[in-house]
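Chains A and B, in that order, give the protein sequences.
When we follow this note's numbering, the leftmost residue of the first sequence carries the number 1, and every step to the right adds one.
When we follow this note's numbering, the leftmost residue of the second sequence carries the number 358, and every step to the right adds one.
Note that beta-carbon positions come from the ideal geometry of N, C-alpha and C, so glycine has one too.
There are 2 protein chains.
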Amino acid sequence: MAFYALIMAGGGGTRLWPLSRRSRPKQALTLVGERTMFEHAVDRIAPVFQPDEVYVVTGADQVERLMLQAPELPRENFIVEPMGRGTAPAIGLGAIHMKRRDPEAVMAVLTADHFIRDVEQFRRVLVAAARVAERGHLVTLGITPAFPSTGFGYIRQEEQLDGVDGFPVFRAQRFTEKPSPETAFHMVESGRYSWNSGMFIWRVDRIMGEFAGQMPDFYAQLAQIESVLGTPAYEPTLQRIWPEVTPQTIDYGVMEGAEDVVVIPVDIGWSDVGNWSSMREILPADEEGNVVVGEHLGLDTHNTILFGRDRLVATIGLENMIVVDAEDALLVCPIEREQEVRELVRRLREMGRKDLL
Amino acid sequence: MAFYALIMAGGGGTRLWPLSRRSRPKQALTLVGERTMFEHAVDRIAPVFQPDEVYVVTGADQVERLMLQAPELPRENFIVEPMGRGTAPAIGLGAIHMKRRDPEAVMAVLTADHFIRDVEQFRRVLVAAARVAERGHLVTLGITPAFPSTGFGYIRQEEQLDGVDGFPVFRAQRFTEKPSPETAFHMVESGRYSWNSGMFIWRVDRIMGEFAGQMPDFYAQLAQIESVLGTPAYEPTLQRIWPEVTPQTIDYGVMEGAEDVVVIPVDIGWSDVGNWSSMREILPADEEGNVVVGEHLGLDTHNTILFGRDRLVATIGLENMIVVDAEDALLVCPIEREQEVRELVRRLREMGRKDLL
Chain A
1 MAFYALIMAG GGGTRLWPLS RRSRPKQALT LVGERTMFEH AVDRIAPVFQ
51 PDEVYVVTGA DQVERLMLQA PELPRENFIV EPMGRGTAPA IGLGAIHMKR
101 RDPEAVMAVL TADHFIRDVE QFRRVLVAAA RVAERGHLVT LGITPAFPST
151 GFGYIRQEEQ LDGVDGFPVF RAQRFTEKPS PETAFHMVES GRYSWNSGMF
201 IWRVDRIMGE FAGQMPDFYA QLAQIESVLG TPAYEPTLQR IWPEVTPQTI
251 DYGVMEGAED VVVIPVDIGW SDVGNWSSMR EILPADEEGN VVVGEHLGLD
301 THNTILFGRD RLVATIGLEN MIVVDAEDAL LVCPIEREQE VRELVRRLRE
351 MGRKDLL
Chain B
358 MAFYALIMAG GGGTRLWPLS RRSRPKQALT LVGERTMFEH AVDRIAPVFQ
408 PDEVYVVTGA DQVERLMLQA PELPRENFIV EPMGRGTAPA IGLGAIHMKR
458 RDPEAVMAVL TADHFIRDVE QFRRVLVAAA RVAERGHLVT LGITPAFPST
508 GFGYIRQEEQ LDGVDGFPVF RAQRFTEKPS PETAFHMVES GRYSWNSGMF
558 IWRVDRIMGE FAGQMPDFYA QLAQIESVLG TPAYEPTLQR IWPEVTPQTI
608 DYGVMEGAED VVVIPVDIGW SDVGNWSSMR EILPADEEGN VVVGEHLGLD
658 THNTILFGRD RLVATIGLEN MIVVDAEDAL LVCPIEREQE VRELVRRLRE
708 MGRKDLL
């Protein structure tokens, strides 16, 4: 069985502003240790895949940097989108590259900007999921919820199928996008839901079939690109067609309407690192409950997230605060108000401060 | 009447840490506008003194920078102490330079690191004070208290003497160093006390007489230096004697025991800029009550002191906070706890972090 990985590394976003920017998205950040999120994403699957089995789909503005960060991957495995069109087209573009190499291959769709603490368990479930996918199931990796988050999609587990390698496999019934707090509470309490991690494992021919059935316009566009794959016409064809592709997520475009979706719930210390408070999920706190990157000197400072760079961050009497010292901007705000960072970014956009976006 | 100014520019100190450092004391900082505190101190007396009538006493480590900042002053008017010995020796060293030029001169002892808003009034009182000093009084400029500070020395006003140029002159009875809150409250309420500004105006021969009577050891040391003033022996003599000089302030060493001290209370918008909250005294607040240097983008941020540099400081939900963005360190603390900055500095000293002191 051929087994390939497709690392989705096209995302932008400013949820970790002022550190993350349009030109410096989350996967480009060094949040844990000395390696970027993208480097961690490549490193952790190295024991499962040969370098030539790992593909990266990303944007033209990011591809050079990513190639430098993963020099072990063949340059032709970097698939460049002319512009972002959502996860469904990105996966489709990756799929035709893999299909050309082996139409019966299994592909793992992986993320470049999420954190996984238990990489051993993650690798085990990847291998198990590939065996499940080989049978024709569309496999989603479900994350056992750590709390009733209203920010994630949820997958409901129905009847259990045969387990594989000790991992239970459930028929997946429903994708619930960002629920209300009450709904989230009941879902988590029931023990029958897991978070949608955005990681999927399936046969290439299976997902192509879903595109054909559920996104026929896109499938037709993809077929045109596929027909010139490996020829000089590929690049101009892609440049011509991609702007006309309708943006779509894989969840809405495929998963919600697909048959034979299964979920393997796992507890792998996963975090989407979607905001500053999630630093608490990916980095250890000191004895004062502070999560510190860089040098911190604190008096009476507790439960505070301090993200510094090359200079001392000194604090007195802070509690539940966020202090982010980025190269060209500084953020100070209470953790409980971090969602307003979005408003700051909106203001900067209004002010025309592209240098800070 | 010869009238000279002696700007005391030898101070160090870290009360405005992380901006102020041993190597970058308060007078070297650009707090108001584009000019340093020292430059402001030189600028504001320019209408009263010719450049050659202005002397600066400072340390060897600072003199080059100060000369660059006040190129209009003759280089020989920069008097260099081998090391700081407190205000009394610094004034004595300045006095012998002036005495050599005109023994009956009046000298104004001025500060390099204080802020004065009403410079017109300040210049008027300087001229008036010189006329009072000419008669032989030791004149102190008293600052009409804006609040019952426990951080300043107080001068008690006794019977009123003849006024000069519209300024009342009082016999000064007592110097009270840093009183208790209760004492401070009563002193301010009585209307009979003013703050000791550290600015004095007196005849050179009068202050030399006080040194002779009250600090005879220092006077003898000073006499040795004076005897070689203007000769090649000056520098080695100074280098030999100064380490042996006992450190002393002019308040303890002379003013508390002196006869015929008078005080001219003035309201000139004075601030000693002794801590971050005094930024509120020297810089205007915006409509949210924030005092901002640099670029600030705030959501629901009020009564906060934001001292930035060349990058955006973004804040959400701050109230009565201090955020100081210095080149190599960042400070975040509530205004009401700013006295603990001293503790931070002490810790840095313990840690051997000379780079940050």
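Q.
Please report whether the beta-carbon of Gly317 of chain A lies at a distance below 7 Å from any beta-carbon of chain B.
A. yes
Q) According to the neighbour-count rule (16 or more other Cβ atoms, all chains shown, within 10 Å of its Cβ), is Ser149 of chain A buried or exposed? A) buried
Q) How long is the line joining the alpha carbons of Phe514 of chain B and Gln696 of chain B, rounded to whole angstroms? A) Before going further, note that residue 514 of chain B is Gln rather than Phe in the sequence given. Each residue's Cα considered, the two are about 30 Å apart.
Q: Measure from the C-beta of Glu340 of chain A to each C-beta in chain B and report whether the shortest distance is under 7 Å.
A: Taking 7 Å as the CB threshold, Glu340 of chain A lines the interface with chain B.
Q. Under 7 Å, do Asp251 of chain A and Phe170 of chain A count as touching if we go by C-beta distance?
A. no
Q | Own chain residues within Cβ distance below 6 Å of Glu534 of chain B, not counting five before or after | A | Gly510
Q) Quick one: what does DSSP say Ser547 of chain B is sitting in, helix, strand or coil? A) Reduced to three states, the DSSP call for Ser547 of chain B is helix.
Q. In terms of residues, what are the limits of the alpha helix (DSSP H) holding Phe363 of chain A?
A. For residue 363 of chain A there is no data in the structure shown, the boundaries of chain A being 1 and 357.
Q.
Could you compute how far the alpha carbon of Val623 of chain B sits from the alpha carbon of Glu652 of chain B?
A. Going by the C-alpha atoms only, they are around 35 Å apart.
Q. Whole-angstrom Cβ separation of Met8 of chain A and Lys26 of chain A, contact assumed at under 8 Å?
A. In fact, because the Cβ distance is near 12 Å, the residues do not count as touching under 8 Å.
Q.
Distance cutoff 7 Å, beta carbons only. Does Arg22 of chain A sit that close to anything in chain B?
A. no
Q.
Residues of chain A with CB closer than 7 Å to the CB of Val680 of chain B, please, in chain order.
A. Val332
Q: Give the DSSP-derived three-state secondary structure of Thr540 of chain B in the structure shown.
A: helix
Q) How would you list, in chain order, the residues of chain B whose beta-carbon sits under 8 Å from the beta-carbon of Val313 of chain A? A) Simply Ala686, Leu687, Val689.
Q: Check the Cβ of Leu348 of chain A against every Cβ in chain C and list those closer than 9 Å, keeping chain order.
A: Reference to chain C is not applicable here, since the protein chains of this structure are A and B.
Q. In the structure shown, what three-state DSSP assignment does Phe568 of chain B receive?
A. helix
Q) Span of the beta strand (DSSP E) holding Gly94 of chain A? A) Element bounds for Gly94 of chain A: not the beta strand (DSSP E) but the alpha helix (DSSP H), 87-101.
Q: Pull up the DSSP beta-bridge partners for Gly59 of chain A, would you.
A: Paired residue(s): A:Glu81.
Q) Counting along the chain, where does the beta strand (DSSP E) carrying Ala285 of chain A start and finish? A) Per DSSP, Ala285 of chain A belongs to no beta strand (DSSP E) and is neither H nor E.
Q | C-alpha gap between Leu518 of chain B and Leu498 of chain B, whole angstroms | A | 15 Å
Q. Are there 16 or more other CB atoms within 10 angstroms of the CB of Gly555 of chain B, so buried, or fewer, so exposed?
A. Gly555 of chain B comes out buried.
Q: Keeping to the same chain, check which residues put their C-beta closer than 6 Å to that of Val521 of chain B; ignore five residues upstream and five downstream.
A: Ala485, Arg488, Val489
Q) By Cβ distance, which residues of its chain are closer than 7 Å to Gly13 of chain A, with the 5 residues on each side in sequence left out? A) Once the five neighbours on either side are set aside, the close Cβ partners of Gly13 of chain A are Ser20, Pro25, Lys26.
Q) Leaving out five residues before and five after Val620 of chain B in sequence, what residues of the same chain have Cβ atoms less than 7 Å from its Cβ? A) Thr497, Gly499, Ile512, Gln514, Phe527, Ala529, Ser551
Q) Can you find a C-beta in chain B that's less than 7 Å from the C-beta of Leu16 of chain A? A) No, its Cβ sits nowhere closer than 7 Å to a Cβ of chain B.
**Q.** Residues that Arg337 of chain A contacts on chain B, provided the C-beta gap is smaller than 7 Å
**A.** Ile673, Gly674
Q) When the cut-off is 7 Å and only beta carbons count, does Leu714 of chain B lie next to chain A? A) no
Q | Best match in A:Ala46, A:Val42, A:Ile79 for proximity to Gly10 of chain A [C-alpha to C-alpha] | A | A:Ile79
Q | Uninterrupted alpha helix (DSSP H) stretches inside the region 580-658 of chain B (no shorter than 4 residues) | A | 591-598, 607-610, 636-639
(Q) Can you check whether the C-beta of Leu701 of chain B is within less than 7 Å of a C-beta belonging to chain A? (A) yes
Q. Rounded to a whole number of angstroms, what is the C-alpha to C-alpha distance between Gly298 of chain A and Gly317 of chain A?
A. 8 Å
Q: Return the Cβ separation of Ala70 of chain A and Glu34 of chain A in integer angstroms, given the expectation that the two are a contact with Cβ distance under 8 Å.
A: With 8 Å as the limit, Ala70 of chain A and Glu34 of chain A do not qualify as a contact, their Cβ atoms being about 15 Å apart.
**Q.** Residue range of the alpha helix (DSSP H) that includes Ala129 of chain A
**A.** Segment 119-134, the alpha helix (DSSP H) holding Ala129 of chain A.
Q) For the beta strand (DSSP E) that Asp682 of chain B lies in, which residues bound it at each end? A) Its beta strand (DSSP E) spans residues 678-682.
Q) Start and end of the beta strand (DSSP E) containing Val670 of chain B? A) 669-673
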